[in-house]
Amino acid sequence: MKNRLIWPLVALAALLLLNLVVTPSFFALRIQDGALYGGLVDVLKNGAPTLLIALGMTLVIATRGIDLSVGAVAAIAGAVSCVHIGTSDSAGTAFAGMAMALLLCALLGLWNGFLVAGMGIQPIIATLVLMTAGRGIAMLVTEGQIVTVNNSAYKQVGAGFVVLPVAILISLLVLGLVAFVTRRTALGMLIESVGVNPEASRLAGVRSGTIIWTVYVFAAVCAGIAGLMISSNVSAADANNAGLWIEMDAILAVVIGGTSLAGGRYSLTGTLLGALIIQTLTTTVYTIGVAPEVTLVFKAIVVIAVCLVQAPKARAALSFRKVAVPS
Amino acid sequence: MTALAQRVPSRFLPVLATVVLFVLAFGVGSARYDGFASGQVVANLFIDNAFLIVLAAGMTFVILSGGIDLSVGSVVALSTMVTASGLQAGWPVPLVIVAVLLIGSTLGLLMGLVIHKFDIQPFIVTLAGMFLARGLCFLISVESVSIKDKTFRAVATAAIELPGGVTITYNVVIALLVVAAAMYVLHRTRFGRTVYAVGGNESSALLMGLPTTRVKVGVYVISGLCSSLAGLLFSLYMLSGYGLHAVGMELDAIAAVVIGGTLLAGGVGYVLGGLAGVLVLGTIQTLISFQGTLSSWWTKIVIGVLLLVFIAVQRTMVRR
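Here is the structure:
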């Protein structure tokens with residue numbers, strides 16, 4: 001398990017090193033008004049939503065599922081809370097709005113779980129339904145407008161600082177909770193067993209259905225919190241563009257972290273590394289002065305490289321060659 | 001209805017259901033809005049969705065083999081970009097067309113090889129392909145490049161008169177030719193039958209001695225080729241190349257194929273189903289634009305609901 005994390009670590013280290021070479025000040029940290037600033041902090045802050053969504057995605061993928069709807073769910077969360085907050089500046093309204101948004105996200109997660117576990121639809125397709133319709137729902141909530149808010153309590157979620165950015169603290173807290181709940185109780189093993197064989201797990205007395213519902217609800221709530229971060233960071237809800245393609249980034253983070261899309265085995269540390277790699281990559285492209293749109297090319301290269309390195313067949317081919325060379 | 005169901009083989013039912021849905025949706029439109037039930041509205045369905053028809057045909061091959069191709073939208077964008085910047089640089093039109101088709105099928109070939117040789121999920125490989133193709137667009141140019149070539153513009157604006165005063169563009173003719181070719185390959189050749197066999201059960205197909213490698217890589221080449229051809233049609237339609245063209249079009253293509261009754265698990269479905277699916281999506285869009293008071297985002301919600309209904313119907317059919 002440990003050595004599976006070596007390649008993601010190497011990739012992350014290489015990216016950070018590249019940054020150090022290009023901009024020597026990248027690692028510099030400074031404290032201003034009790035908050036840390038610097039290149040690394042930026043990576044953490046901007047990577048927080050992806051990390052959070054990737055955490056939910058990790059558990060979903062561990063059950064041999066996939067959730068394509070997280071980006072749309074994030075957009076809905078931002079839309080609901082911003083519309084509820086409106087012009088108000090009270091912390092109470094902000095919390096009520098966020099609570100409403102997260103409750104709705106949990107319901108959307110239940111819906112995904114119902115389609116996958118209740119109706120037995122393939123996860124890609126089941127969540128594709130909400131991915132397509134979700135943005136429409138978000139547009140419906142915001143009536144097609146970009147809703148801007150001016151609420152200091154709400155702004156804290158995505159743009160606030162308690163030494164470190166609040167967003168990354170939330171993400172790390174969730175990471176800690178998930179790690180504790182799944183690794184210190186039997187839940188993690190049950191999730192993995194459902195991923196290996198749902199039917200056999202059910203026959204062995206594992207409530208496969210309940211576990212599948214749970215992971216989809218968890219993924220949707222994570223997506224909801226991430227959506228709150230995204231919309232809070234810019235104090236606006238953009239139904240069209242908030243969380244656009246974040247599901248792809250999250251899936252990439254999970255895969256780069258060594259979790260197999262075939263289900264049954266997952267690594268939360270790997271997901272953390274994966275999310276950091278993706279965010280560092282994006283930041284690196286910005287700092288070395290390439291057009292930001294070209295990030296996609298680098299992402300593609302990293303994905304293929306990491307997947308190839310982890311693919312058993314590619315490894316076999318490599319080691320076969322080593323054996324074949326007479327010494 | 002039961003008598004009809006008995007006469008039609010059950011494997012045709014999903015496609016038939018889509019066609020019935022299309023007729024129903026069109027009937028509703030004709031009953032509610034003046035001028036809806038005209039030949040030109042039908043022709044416009046084809047004109048506005050020619051590229052999607054081509055994409056759906058390619059996607060049908062991939063999905064039938066049990067795979068999925070997320071890169072098609074990006075390959076469309078890349079093709080428009082190559083077309084526009086190639087023409088801007090003064091390349092002759094035939095050279096541009098050959099280059100675009102070569103790029104598309106090469107990308108497909110590469111993805112297919114990675115998927116097959118290294119046993120990595122199609123989802124991830126084509127996701128990487130999606131990022132790569134879109135990134136390449138922006139490497140060529142971040143701005144939108146308009147197409148000013150005279151030949152190209154002439155082809156794009158040329159109208160073919162059909163009896164009854166209905167006009168269509170060359171795009172429609174090309175799209176229908178692609179559908180016909182896809183039907184021939186899928187239903188009348190050895191390759192096509194192997195696609196179904198691989199989608200049904202890959203191990204069995206392999207044990208039967210079928211050339212599974214050729215088919216598994218081949219479907220991605222076909223999809224890449226169709227995507228780049230769709231890209232050419234899209235550049236004719238938009239008369240520009242832009243890295244943000246066709247964002248999310250892969251989902252439309254997948255939705256059309258699924259609504260057309262093709263099983264995502266592979267092995268079951270028809271090219272005509274994809275065409276019917278595209279027509280249903282197009283009719284919904286037309287209905288919403290005729291209504292006028294409904295905003296465009298309703299399209300997304302309706303497509304989502306339709307997807308759901310069709311998947312639910314498929315589930316019950318498979319269970320039986």
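Order-wise, the sequence lines are chains A and B. Oh and the first sequence: position 71 is 71 in the UniProt record's numbering, straight run, nothing missing. Oh and the second sequence: position 278 is 278 in the UniProt record's numbering, straight run, nothing missing. For glycine and all other residues, C-beta sits at the position ideal for the given N, C-alpha and C. Quick caveat: nothing in here was measured; it's all calculated off a predicted structure.
**Request:** Output yes if chain A places a C-beta closer than 8 Å to the C-beta of B:V258; else output no.
**Result:** Stepping through the second sequence from its first residue, residue 258 of chain B is reached at position 258. Yes, because at least one Cβ of chain A sits closer than 8 Å to the Cβ of B:V258.
**Message:** Residues in the same chain with beta-carbon distance under 7 Å from A:G78, minus the five sequence neighbours each way, listed in chain order, please.
**Reply:** In the first sequence, counting from the first residue as 1, residue 78 of chain A sits at position 78. Only G227, L228, I230, S231, A237, A242 meet the Cβ criterion.
**Cutoff 6 Å; reference B:I160; Cβ partners in own chain excluding five residues on either side** = Here residue 160 of chain B corresponds to residue number 160 of the second sequence, with the count starting at 1. Cβ within range, chain order: I168.
**Asked** Among B:L113, B:A133, B:G282, which one has its Cα closest to the Cα of B:I103?
**Response** As a working mapping, residue 103 of chain B is identified with position 103 in the second sequence. Considering only alpha carbons, the answer is B:A133.
**Message:** So A:T132 contacts chain B; which residues on that side make the cut at Cβ distance below 7 Å?
**Reply:** Taking the first sequence and counting its residues from 1, the one referred to as residue 132 of chain A is at position 132. Those are L251, A255, K300, I303, G304, L307, listed as they occur along chain B.
**Request:** Say whether chain B places a C-beta atom closer than 8 Å to the C-beta of A:Q122.
**Result:** On the first sequence, residue 122 of chain A is found 122 positions in, with the first residue counted as 1. Yes, A:Q122 counts as interfacial toward chain B.
**Item:** B:L132: first and last residue of the uninterrupted alpha helix (DSSP H) it sits in
**Value:** Stepping through the second sequence from its first residue, residue 132 of chain B is reached at position 132. Counting along the chain, the alpha helix (DSSP H) containing B:L132 begins and ends at 122 to 140.
**Message:** So A:L261 contacts chain B; which residues on that side make the cut at Cβ distance below 7 Å?
**Reply:** Your numbering for residue 261 of chain A matches position 261 in the first sequence. Here the neighbours are Q121, F123, I124.
**Asked** Between A:A291, A:K313, A:V285, which lies nearest to A:V302 when the distance is taken from Cα to Cα?
**Response** If you number the first sequence from 1, residue 302 of chain A lands on position 302. Ranking A:A291, A:K313, A:V285 by CA distance to the CA of A:V302 puts A:V285 first.
**Inter-stretch contact at 8 Å, needing at least 3 Cβ pairs: the region 72 to 87 of chain A / the region 250 to 257 of chain A** = At 8 Å Cβ cutoff, the stretches do not touch.
**Request:** Leaving aside the five residues before and after B:L109 along the sequence, list all residues of the same chain whose C-beta is less than 8 Å from its C-beta, in chain order.
**Result:** For this step, residue 109 of chain B is matched to residue 109 along the second sequence. Excluding residues within five positions, the ones whose Cβ falls inside 8 Å are V217, Y220, V221, G224.
**Message:** Below 8 Å on the Cβ atoms is my contact criterion, and I expect B:F22 with B:V280 to pass it. Report the Cβ-Cβ distance as a whole number of Å.
**Reply:** Within the second sequence, residue 22 of chain B is the residue found at index 22, counting from 1. Within the second sequence, residue 280 of chain B is the residue found at index 280, counting from 1. Rounded, the Cβ-Cβ distance is 5 Å, consistent with contact.
**Message:** Give me the subset of the region 136 to 147 of chain A whose CB atoms are less than 7 Å from a CB atom of chain B, sorted by chain position.
**Reply:** G136, I137, M139, L140, G144
**Touching by the beta-carbon criterion (3+ pairs, under 8 Å), the region 62 to 75 of chain B and the region 113 to 133 of chain B** = yes
**Message:** With three or more C-beta pairs closer than 8 Å as the rule, is the region 213 to 223 of chain A touching the region 280 to 298 of chain A?
**Reply:** Verdict: no, contact absent.
**Request:** Name the two residues that bound the continuous alpha helix (DSSP H) containing A:E247.
**Result:** Reading the first sequence from its first residue, position 247 is the one you call residue 247 of chain A. First-last of the alpha helix (DSSP H) with A:E247: 246 to 256.
**Message:** Within 8 Å of any Cβ in chain A, is that where the Cβ of B:I311 sits?
**Reply:** Counted from its first residue, the second sequence places residue 311 of chain B at position 311. Closer than 8 Å: yes.
**Asked** Straight-line CA distance for A:D67 to B:P94?
**Response** Taking the first sequence and counting its residues from 1, one reaches residue 67 of chain A at position 67. Taking the second sequence and counting its residues from 1, one reaches residue 94 of chain B at position 94. Looking at the two C-alpha atoms, the distance is approximately 43 Å.
**Message:** Just to confirm before moving on: does the CB-CB distance between A:G39 and A:F26 stay below 8 Å?
**Reply:** The residue labelled residue 39 of chain A in the question sits at position 39 within the first sequence. The residue labelled residue 26 of chain A in the question sits at position 26 within the first sequence. In this structure, A:F26 lies closer than 8 Å to A:G39 by Cβ.
**Prompt:** How is A:A242 classed by DSSP in three states: helix, strand or coil?
**Reply:** Taking the first sequence and counting its residues from 1, the one referred to as residue 242 of chain A is at position 242. Of the three classes helix, strand and coil, the one that applies to A:A242 here is coil, per DSSP.
**Request:** Would you list, in chain order, the members of the region 96 to 123 of chain B that have their beta-carbon closer than 9 Å to a beta-carbon of chain A?
**Result:** V114, K117, F118, D119, I120, Q121, F123
**Asked** Name the residues in the region 55 to 70 of chain A whose C-beta lies less than 7 Å from a C-beta of chain B; which are they?
**Response** none
**Item:** Any 3 or more C-beta pairs closer than 8 Å across the region 200 to 215 of chain A and the region 106 to 121 of chain A
**Value:** Three or more Cβ pairs drawn from the region 200 to 215 of chain A and the region 106 to 121 of chain A lie within less than 8 Å of each other, which places the two stretches in contact.
**Asked** Can the beta-carbon of A:A275 be found less than 8 Å from the beta-carbon of A:A54?
**Response** Position 275 of the first sequence, counting from 1, holds the residue named residue 275 of chain A. Position 54 of the first sequence, counting from 1, holds the residue named residue 54 of chain A. Yes, Cβ-Cβ distance for A:A275 and A:A54 is below 8 Å.
**Request:** Note down, one range per segment and in chain order, each alpha helix (DSSP H) of at least 4 residues found wholly within the region 162 to 222 of chain A.
**Result:** 166 to 184, 187 to 196, 198 to 203
**Prompt:** A:V254 CB to nearest chain B CB: under 8 Å?
**Reply:** Reading the first sequence from its first residue, position 254 is the one you call residue 254 of chain A. By this cut-off, A:V254 is not an interface position.
**For B:L64 and B:V215, the rounded distance between their alpha carbons** = Position 215 of the second sequence, counted from the first residue, corresponds to residue 215 of chain B. Position 64 of the second sequence, counted from the first residue, corresponds to residue 64 of chain B. Near 11 Å, if we compare the C-alpha coordinates of B:L64 and B:V215.
**Prompt:** Should B:A246 and B:F234 be called a contact, given that it needs their Cβ atoms to be closer than 8 Å?
**Reply:** Position 246 of the second sequence, counting from 1, holds the residue named residue 246 of chain B. Position 234 of the second sequence, counting from 1, holds the residue named residue 234 of chain B. Cβ atoms of B:A246 and B:F234: closer than 8 Å.
**Message:** Measuring straight from C-alpha to C-alpha, what distance separates A:D150 and B:A181?
**Reply:** As a working note, residue 150 of chain A is residue 150 in the first sequence. As a working note, residue 181 of chain B is residue 181 in the second sequence. The sequence shown places Asn at residue 150 of chain A, rather than the Asp named in the question. Straight-line Cα distance between these residues: approximately 57 Å.
**Prompt:** What's the gap between the Cα of B:C226 and the Cα of B:A57?
**Reply:** On the second sequence, position 226 is the one that residue 226 of chain B refers to. On the second sequence, position 57 is the one that residue 57 of chain B refers to. Taking the straight line from one Cα to the other gives about 7 Å.
**Prompt:** Is B:I168 helix, strand or coil by DSSP?
**Reply:** Position 168 of the second sequence, counted from the start, is the residue given in the question as residue 168 of chain B. In the structure shown, B:I168 adopts extended strand secondary structure according to DSSP, grouped into three states.
**Prompt:** Leaving out five residues before and five after A:A11 in sequence, what residues of the same chain have Cβ atoms less than 7 Å from its Cβ?
**Reply:** Sequence index remark: in the first sequence, residue 11 of chain A carries index 11 (1-based). Around A:A11: I277, V302, V306.
**Message:** I need the DSSP call for A:A35, collapsed to helix, strand or coil.
**Reply:** The sequence position of residue 35 of chain A within the first sequence is 35, counting from 1. Three-state result, A:A35: strand.
**Prompt:** Counting Cβ pairs, one atom from each stretch, are 3 or more of them under 8 Å apart for the region 147 to 166 of chain A and the region 94 to 101 of chain A?
**Reply:** yes
**Asked** Which of the residues in the region 280 to 303 of chain A, read from start to end, lie with their CB under 8 Å from any CB of chain B?
**Response** Hits within the stretch, in order: A291, E293, V294, T295, L296, V297, F298, K299, A300, I301, V303.
**Prompt:** So what's A:E143 in DSSP terms, helix, strand or just coil?
**Reply:** Counted from its first residue, the first sequence places residue 143 of chain A at position 143. Coil, per DSSP.
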